Every structure is written in structure tokens, then in C-alpha cells.
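Asks:
If you want it as C-alpha cells, here you go:
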């Protein structure tokens, strides 16, 4: 029997390797860019660069934020925000940096950009008592600049492709009530009826969403306003509820949320090629608070990090504050913002919940439909 040796040429080997690589890359899931808009619930540090009293750049903020080794980043949380955790669900390897930390010619192609600012709102005059803040309109202006940088660097076709496959989370509206309509003494409720104020918010937000769509946003996720009456500070500011949630504040945002939901339902068919999700953050957080014992949460009426004594402060969590040892026992990290533990519970519902949590379907299904 004669032995035959088959010689495989180098070009054949190279072609085979390239075929394997192509197959591997085609199976890999794409991680989209995130362009984040909103307020302190998702601020990643923009307010560090502003002249404002609304900052979270001191300890113990960030004590459980592992990417920074427990150092404060400007996030208003002990750990990750719910959008950090959402990025994790998409398989992201980095979190969108604050827009103010970037150079003016940055194009956001690393992992996106976070434009959110504590104190910012849908209306441009919201949050004035905090001094500097970035309104939703101003955030979109900055995004428009990011988009133009991307077009300049990559060309219009490639930039448009990246943007139309990006995720645009929007978490805004709480401050329009807390730091505008409901502000003691100077609040707009003193001279503007509730229905008129809400109509102004909705008209402005409608314009903002259509503008984002015109700037290539095609996967938009909108969170409604959470039950602000259940925040520890609102409970303290409304002592006649006996430490329970302030129903008047919750009824106000419930009115807005219902009309926001209707507005989004009306808007959706008017935006081409769009996936537009409505996340019911109000229902999710209220339900978690209502059934807190099911999750081992023991305290919902006070923040883990707060001041000691009868004085009510706007920002009581600071370097001199006391804070709890076990953050998983507290629903809120400070007077306004949920703990990372509650953020994790919430994200599970945002990602995989039913239509009580997200409409028209959950984020996980939207990911699959869009090929992520």
C-alpha cells in the first residue's frame, strides 16, 4: 500500500481560518451604543462638572460601585443605577461616560454617551433651585453635536447605521414635579393649574421625542415617573400621612403617567422604523415597596444614607452622614434614590416582565426583535 501525503496550500488554510472567523463573528451578538437622557436616577457624573448643589461626588456615594472600587463617580446611588444594570443585560463592556467628561469632538463610538443631569427636567425652568443643571432640551442639543461628530468621523452612512441600532433610554419627569410644580412657596402650582402644567410637560416631551427620532433614534425606551410620594424626603415633607407614602404627590404623577402612556401610544405609529417602549417605573417600584418583605427589605420610609435629627435637608447624604451596613435591607439609598438592590429587582421586571411592567412588550423581547 502506498502512502499518499496531501499538501494543503497556504491560501487554502487562510481561507479556512477566515471562514471560521466569519462564522464566529456572525454568531456573536452585537452590543449597541447607549445614549442616555434623564435626571439624577441615571446621572453618571455630569453634575460633577457643574456649579450646582445637586452632586454625588463624595463618599459614601458609590460605596458598592465595583467599577470604581467603591469611590464616588457622581451616581446618586450606593452602587449601580438601573441603567448601568440594563447595559449589563445587553452585554456591554463599558458604561456610557458623562457627556461633560468628553472632549467637544467626541463621537460616542466607544459605548455611547450619558447626557443625564441631576435636577434636569422636561421643562427648561425645572430645577432652578439647584443652580446649574442640564434640561432635556439641552441634553438633546449635546447629543446632536455627538451625532454630527460621528458623521464627520465615520461618514453619514456608517454613522446612521450605528445610531439606528443604538439604544436611547429616557428617564425624566420627576424633577418637573419635585423641583418645579411642588416646590414649597415658589412652586408653579401657586399659579398654574395641574392639568395645564401636565399638558405643558406632554407637549414639550412630544417635541423632544420627535426631535430625537429625526436625529436617528430608533430604539427608544421611556420610563414614566416613579411614585415620588414614597420617597423618604416626600414622606418627611408630608408628615400628615404618618410616615406613609404621600398620596397627593402620587396621585399627581399618576395623572401625568396615564396621559404620558396615551401620548406614546398616539406617537408610536407616527415614527417610522421605531421601537418605542413605555416602562411603568411607577408600578414596578410601588409594587416592590408594597411587597418589600418578600425581598427581605425592612426599611422603605428612610434612606440608608441620611442625616440624624429633626432637620429636613435636600441632600442629607454626605461624608459626615451615617449609613446602613446592609444596603439590601433598604429600599432607598438616600432621600430620593433607590438602592442598587432595588435597582436590580426593578431591572428584572423591565427586562422580562409582562405588560404590567413594559408596553408593548419587555426589553428582552425588544432586544431579540432588533437582533441584539
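In mature numbering (1 follows the signal peptide of the UniProt record, and there is no 0), the protein residues as written are -28 to -1, 1 to 344. Think of the CB as a built atom: it goes at the ideal place given N, C-alpha and C, for glycine as much as any other residue. The structure displayed is predicted, hence computed values, not measured ones.
(1) From residue 230 to residue 208, what does the alpha carbon distance come to, in whole angstroms?
(2) Leaving out five residues before and five after residue 306 in sequence, what residues of the same chain have Cβ atoms less than 6 Å from its Cβ?
(3) As a quick exercise: from 206, 292, 202, 211, pick the residue whose alpha carbon is nearest that of residue 253.
(4) Taking 7 Å as the limit between beta carbons, can you name the residues of its chain near residue 43, skipping five residues before and five after?
(5) Can you tell me the Cβ-Cβ gap for residue 251 and residue 322, rounded? I've got them flagged as a contact below 8 Å.
(6) Count the other C-beta atoms from every protein chain shown that fall within 10 angstroms of the C-beta of residue 23, then say buried if there are 16 or more, exposed otherwise.
(7) When DSSP labels each residue in this structure, what does residue 80 get in the three-state scheme?
(8) Within the segment 64 to 133, note down every full alpha helix (DSSP H) run reaching 4 residues or more, in order along the chain.
(9) Report the rounded CA-to-CA distance for residue 248 versus residue 330, giving the unit in angstroms.
(10) Taking its Cβ as the centre, do 16 or more other Cβ atoms sit within 10 Å of residue 297, making it buried, or is it exposed?
(11) Please work out which residues of its chain come closer than 6 Å, Cβ to Cβ, to residue 54, disregarding the five sequence neighbours upstream and downstream, and give them in chain order.
(12) Tell me the rounded alpha-carbon separation between residue 263 and residue 196.
(13) Could you give the first and the last residue of the continuous beta strand (DSSP E) run that contains residue 9?
(14) Using beta-carbon positions only, say whether residue 345 and residue 10 come within less than 7 Å of one another.
(15) Where does residue 62 fall in DSSP's three states?
(16) Opposite residue 310 in the DSSP bridges: which residues?
(17) For residue 76, does the count of other Cβ atoms within 10 angstroms reach 16, so buried, or fall short, so exposed?
(18) Whole angstroms are fine: how far does the CA of residue 163 sit from the CA of residue 348?
(19) At what residues does the beta strand (DSSP E) containing residue 237 begin and finish?
(20) Going by the DSSP bridge assignment, what does residue 271 pair with across the sheet?
(21) Between 48, 86, 126, 191, which lies nearest to residue 112 when the distance is taken from Cα to Cα?
(22) Which of the three DSSP states, helix, strand or coil, is assigned to residue 153?
(23) If you reduce the DSSP assignment to three classes, tell me which class residue -6 lands in.
(24) Have a look at the DSSP bridge pairing and note the partners of residue 249.
(25) Do you know offhand how far residue 221's Cα is from residue 95's?
(26) Just tell me which of 12, 58, 48 has its CA closest to the CA of residue 334.
(27) Buried or exposed: which applies to residue 168, given that a residue is buried once 16 or more other Cβ atoms fall within 10 Å of its Cβ?
(28) Using 10 angstroms around the beta-carbon of residue 340, count the other beta-carbons present and answer buried if the total reaches 16, otherwise exposed.
(29) By Cβ distance below 6 Å, which residues in the same chain neighbour residue 104 in space, the five residues on each side in sequence not counted?
(30) Could you spell out where the alpha helix (DSSP H) holding residue 168 opens and where it closes?
(31) In whole angstroms, give me the CA-to-CA distance for residue 192 and residue 185.
(32) Apart from the five residues on each side of it in sequence, which residues of its chain come closer than 7 Å, Cβ to Cβ, to residue 336?
(33) Label residue 128 either buried or exposed according to how many other C-beta atoms from any shown protein chain fall within 10 Å of its C-beta, with 16 as the threshold for buried.
(34) So the alpha helix (DSSP H) residue 335 belongs to, where does it begin and stop?
(35) Is residue 33 helix, strand or coil by DSSP?
(36) According to the neighbour-count rule (16 or more other Cβ atoms, all chains shown, within 10 Å of its Cβ), is residue 211 buried or exposed?
Replies: On the basis of the coordinates in this document:
(1) 26 Å
(2) 275, 277, 289
(3) 202
(4) 34
(5) The C-beta separation of residue 251 from residue 322 comes to about 6 Å, placing the pair in contact by the 8 Å criterion.
(6) exposed
(7) coil
(8) 108 to 126
(9) 10 Å
(10) exposed
(11) 315, 318, 319
(12) Residue 263 and residue 196 have their C-alpha atoms spaced approximately 21 Å apart.
(13) 6 to 10
(14) Because the chain is modelled from -28 through 344, residue 345 falls outside the range shown and cannot be assessed.
(15) Residue state, collapsed to three classes: coil.
(16) 304
(17) exposed
(18) Limits of the chain in this structure are -28 at one end and 344 at the other, which puts residue 348 out of reach.
(19) From DSSP, residue 237 is part of no beta strand (DSSP E) but of the alpha helix (DSSP H) over 219 to 239.
(20) 302
(21) 86
(22) Three-state DSSP puts residue 153 in a helix.
(23) Residue placement at residue -6 cannot be trusted, given a pLDDT of 39 that sits under 50; what the coordinates show is reported in the next sentence. Residue -6: helix per DSSP, three-state reduction.
(24) Paired residues: 193.
(25) 18 Å
(26) 58
(27) exposed
(28) Counting the other Cβ atoms within 10 Å of the Cβ of residue 340 gives fewer than 16, which makes it exposed.
(29) 22, 23, 24
(30) 166 to 186
(31) 9 Å
(32) 323, 324
(33) exposed
(34) 335 to 341
(35) coil
(36) Its Cβ having fewer than 16 others within 10 Å, residue 211 is exposed.
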